[in-house]
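S.K.:
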Amino acid sequence: MEVIVASTVGVLTAGGVYLMLRLRTFPVILGLAMLSYAVNVFLFSSGRLAIDQAPILSLYEDLSYSDPLPQALVLTAIVISFGMTAVLVMIGLGAYLECETDQIDIESPDTDEAGEDRTEKDAKA
Amino acid sequence: MMHWIILPVILPAMLAPVIGFVMRYDITLARTASVFGSALLVAISVALVIIAGDGATHVYELGNWPAPFGIVLVLDRLSALMVLLTNALALIVLIHAIATGWDTRGRHFHALYQFQLMGISGAFLTGDVFNLFVFFEVLLIASYGLMIHSGGTARMRAGLQYVVMNLAGSTLFLFALGTLYASTGTLNIADLAQRMAALPAEEAALARVAAMLLMIVFAVKAALFPVQFWLPNTYANAPAPVAALFAIMTKVGIYAILRVHTVAFGPGIPGTEGLAGTWLFPAAIVTIAVGAFGVLGARRLMPLIGFSVVGSVGTIMVAVAAFSEMATTAALYYLLHSTFAAACLFLVADLVVTRRKSDRLAAAPATIQNGLFAALFFGAAIAMAGMPPLSGFLGKLLVMDALRDPGTIGWAWTAILAGSLLTIVGFARAGSLLFWKSTATAPAVPDPSETPVPEIDAPQPNTATAAQVAPSMAMLGMLVALAVFAGPVSGYLEATSAQLFDRAGYISAVLTPGEEG
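Heads up: the sequence lines are chains P and Y, in that order.
Numbering-wise (the numbering used here), the first sequence opens with residue 1 and increments by one.
Numbering-wise (the numbering used here), the second sequence opens with residue 1 and increments by one.
Written as structure tokens, this is what we have:
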């Protein structure tokens, strides 16, 4: 089981990093989603991999139980990464509609065009 | 149990939704509530500094669950000081944003602003690493909204980069936390410190990996080389008041390194002894160089200030990397100074740039009130560059005085002194181009062939009102006050770093139930 979980985390991370380096909005969002899956599985395994164990303390007999804390951490991480992905999709859409390109990398901060755009837009608003 | 400790988190958390939902159509009401809330936060943080001044480590157990089973907030001198710094900065910046009308150029400015304050205060107060992650996310998600406030092509693209960068950082944070939990079985900082101290060096490999991963995550937030590259573009394209508020965001990363890598992985821990300092020191030296060359080479005003922020982070981290009480005192003094100096520069830049066509560093007709803006910029620039009589000079002096270790003195002093020189040259060039050469340029000869529709969307050059200049003046006043009261301030900071390095005191305060009544 360890091999399967470890290679799952590895493959997901590799795919996520590869997609993130594509520097286009859509692959980057997919890549970040894959990375967050990878990290969720990884967090699960940080409480040791165990099967056939009670989720929390058993009321009736003295059984060994799995560590409940990683499950709580994963739950928090899932909620946060889900929300963040939604925000990223909205900002990515906004940037795409505004700039008519989905490239993530931009010119050096010194370019005049960017400066002109910015101040004009500020003035308009 | 003292409930004051959680107020800097609770108050903005309650206020922000009220502003966002109830007052969304009434800007006057929203402004009043936001300023009132920020002023109240300043008062609360002053009270917290006074409470923490007794030298004890105060603990607030959320839901009354004792640590390490529940989440705790920990108030000591360091966290009280950082919360006060945040809220004082936020109040001044908020007044600037209102006076210059930035808050009306998009929606929900005030609600996001309060959420931002909640996240930052929470990150400073928490005593649990996973809770630190949660507060990082709170402050980041608010900062995404503030970063793209009022929109615009360049800002949206820079905002997208900023979001992607930070989401990648958050994922790394989670990997670090997973590794940490797998190797030590706890995420409470005090408990972590206790278990790390008991862990023999030969079994600490996994914990070392976790410590380094955490350091990279905090370095991303602090904009330390080699992960500093997101900062200049982000700050240059953020709305100027937001950039001024972001002056505290890099300090969140620095604070996290100070707290976690001193208490849990710091000196005297066999498994990770000297690990952080070894890597932080060269990174900080390069960061100073990157900042200085960036200041020298920037062709626009806002990236120039962004690079000067990078340089100041480097100066702080050189001192932090020594992990000694004296150097930490110096780092904290320079941290206070550089926060106000950077914010002051951004506010002054906002006043100037909105009255010019762009923030390009080129001779253009002088704006109205050229002398006033030039004087303000001069004050802020010499503070940032570290010239007397303002606090930057004292801060750099303290940092250099603390770094007398023969192994590092050469690199540290050279980097700080040469970096200061380059920063001075860069700021002198920017100032003379913006304010001095501008007076030699013929004022506004309209050329019909070049600009067919002139001035259609540029704001009419208008005189800065007292309310618009006052926040920048207040920032300068803070720098003067830091210099004048350098004695008492550094006395407090010495006590602060002594408390930070008192690991046993921290552990017993957090982990002993009923220690704090």
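Quick reminder that beta carbons are idealized off the backbone N, C-alpha and C, glycines included.
From what residue to what residue does the beta strand (DSSP E) around residue 58 of chain Y run?
M.R.: 58 to 61
S.K.: Looking at C-alpha atoms only, which residue of Y:25, Y:370, Y:438 and Y:214 is the closest neighbour of residue 179 of chain Y?
M.R.: For residue 179 of chain Y, the closest alpha carbon among the candidates Y:25, Y:370, Y:438 and Y:214 is that of Y:214.
S.K.: Which residues in chain Y have a C-beta closer than 7 angstroms to the C-beta of residue 15 of chain P? List them in chain order.
M.R.: Here the premise fails: no neighbours, minimum Cβ distance about 13 angstroms.
S.K.: If you draw a straight line from the C-alpha of residue 2 of chain Y to the C-alpha of residue 65 of chain Y, how long is it?
M.R.: 14 angstroms
S.K.: Mind checking if residue 116 of chain Y is an interface residue toward chain P, Cβ cutoff 7 angstroms exclusive?
M.R.: no
S.K.: For a test of the three-state rule: what should DSSP assign to residue 22 of chain P, helix, strand or coil?
M.R.: Three-state DSSP puts residue 22 of chain P in coil, outside helix and strand.
S.K.: Report the three-state DSSP secondary structure of residue 128 of chain Y (helix, strand or coil).
M.R.: strand
S.K.: List in chain order: all unbroken beta strand (DSSP E) runs of 3+ residues lying wholly within the segment 285 to 347 of chain Y.
M.R.: Segments of the beta strand (DSSP E) lying fully in the segment 285 to 347 of chain Y: there are none.
S.K.: I'd like to know whether the C-beta of residue 108 of chain Y is nearer than 7 angstroms to at least one C-beta of chain P.
M.R.: no
S.K.: At the 7 angstroms Cβ level, is residue 24 of chain Y part of the contact set with chain P, yes or no?
M.R.: no
S.K.: Which residue comes first and which comes last in the beta strand (DSSP E) that contains residue 258 of chain Y?
M.R.: From DSSP, residue 258 of chain Y is part of no beta strand (DSSP E) but of the alpha helix (DSSP H) over 249 to 263.
S.K.: Can we say the segment 309 to 318 of chain Y touches the segment 353 to 366 of chain Y, given the rule of at least three CB pairs closer than 8 angstroms?
M.R.: Taking 8 angstroms as the limit for Cβ pairs, the verdict is that the segment 353 to 366 of chain Y does not touch the segment 309 to 318 of chain Y.
S.K.: Smallest Cα separation from residue 8 of chain Y: which of Y:437, Y:28 and Y:88?
M.R.: Considering only alpha carbons, the answer is Y:88.
S.K.: For residue 201 of chain Y and residue 74 of chain Y, I'd like the C-alpha separation in whole angstroms.
M.R.: 28 angstroms
S.K.: I'd like the list of long-range same chain contacts for residue 144 of chain Y, defined as Cβ closer than 6 angstroms, with 5 residues on each side in sequence excluded.
M.R.: Excluding sequence neighbours, residue 144 of chain Y sits near 163.
S.K.: List the residues of chain C whose Cβ lies closer than 9 angstroms to the Cβ of residue 163 of chain Y, in chain order.
M.R.: Included in the structure are the protein chains P and Y, with no chain C among them.
S.K.: Please report the residue range of the beta strand (DSSP E) in which residue 73 of chain Y lies.
M.R.: 72 to 75
S.K.: By a C-beta neighbour count over all protein chains shown, 10 Å radius and 16 as the cutoff for buried, is residue 40 of chain P buried or exposed?
M.R.: buried
S.K.: Taking contact to mean 3 or more Cβ pairs, one atom from each stretch, closer than 8 angstroms, check whether the segment 120 to 135 of chain Y and the segment 68 to 82 of chain Y are in contact.
M.R.: yes
S.K.: Any beta-carbon of chain Y closer than 7 angstroms to the one on residue 78 of chain P?
M.R.: no
S.K.: Suppose you measure from the CA of residue 455 of chain Y to the CA of residue 346 of chain Y; what does that come to, to the nearest Å?
M.R.: Caution is warranted here: a pLDDT of 44 is assigned to residue 455 of chain Y, below 50, making its placement in the model unreliable, and the coordinate value is therefore given only provisionally. Going from the Cα of residue 455 of chain Y to the Cα of residue 346 of chain Y covers about 25 angstroms.
S.K.: Figure out for me which residue from Y:251, Y:199 and Y:194 has the closest Cα to the Cα of residue 220 of chain Y.
M.R.: Y:251
S.K.: Thinking residue 54 of chain P and residue 63 of chain P are a contact (beta carbons under 8 angstroms), I'd like their distance in whole angstroms, please.
M.R.: 5 angstroms
S.K.: Under 7 angstroms Cβ-Cβ, which residues of chain P neighbour residue 156 of chain Y?
M.R.: 94, 95, 98 and 99
S.K.: Do residue 328 of chain Y and the ligand COA come close, with the Cβ less than 6 angstroms from some heavy atom?
M.R.: By its list of ligands, the structure shown contains no ligand whatsoever, and the ligand COA lies outside what it can speak to.
S.K.: To the nearest angstrom, report how far apart residue 139 of chain Y and residue 18 of chain Y are at their CA atoms.
M.R.: 18 angstroms
S.K.: With DSSP as the reference, identify every bridge partner of residue 31 of chain Y, one or two as the case may be.
M.R.: Beta-bridge pairing links residue 31 of chain Y to no other residue.
S.K.: Using the rule of at least 16 other Cβ atoms within 10 Å of the residue's Cβ for burial, across every protein chain shown, is residue 16 of chain P buried or exposed?
M.R.: Its Cβ being crowded by 16 or more others within 10 Å, residue 16 of chain P is buried.
S.K.: Can you tell me whether residue 188 of chain Y is helix, strand or coil according to DSSP?
M.R.: strand
S.K.: Is it right to say residue 182 of chain Y is buried, meaning 16 or more other beta carbons lie within 10 angstroms of its own, or is it exposed?
M.R.: buried
S.K.: Specify the secondary structure class of residue 105 of chain Y as computed by DSSP and reduced to three states.
M.R.: Annotated three-state conformation of residue 105 of chain Y is coil, per DSSP.
S.K.: Using three-state DSSP, classify residue 369 of chain Y as helix, strand or coil.
M.R.: Coil.
S.K.: Figure out for me which residue from P:98, P:7 and P:38 has the closest Cα to the Cα of residue 170 of chain Y.
M.R.: P:38
S.K.: Does the segment 414 to 427 of chain Y come close enough to the segment 395 to 402 of chain Y that 3 or more CB-CB pairs lie under 8 angstroms?
M.R.: yes
S.K.: Tell me the residue span of the alpha helix (DSSP H) that contains residue 494 of chain Y.
M.R.: 486 to 501
S.K.: If residue 283 of chain Y and residue 422 of chain Y are in contact, beta carbons under 8 angstroms, what's the gap, nearest whole angstrom?
M.R.: The distance from the Cβ of residue 283 of chain Y to that of residue 422 of chain Y is about 19 angstroms, inconsistent with a contact at the 8 angstroms cut-off.
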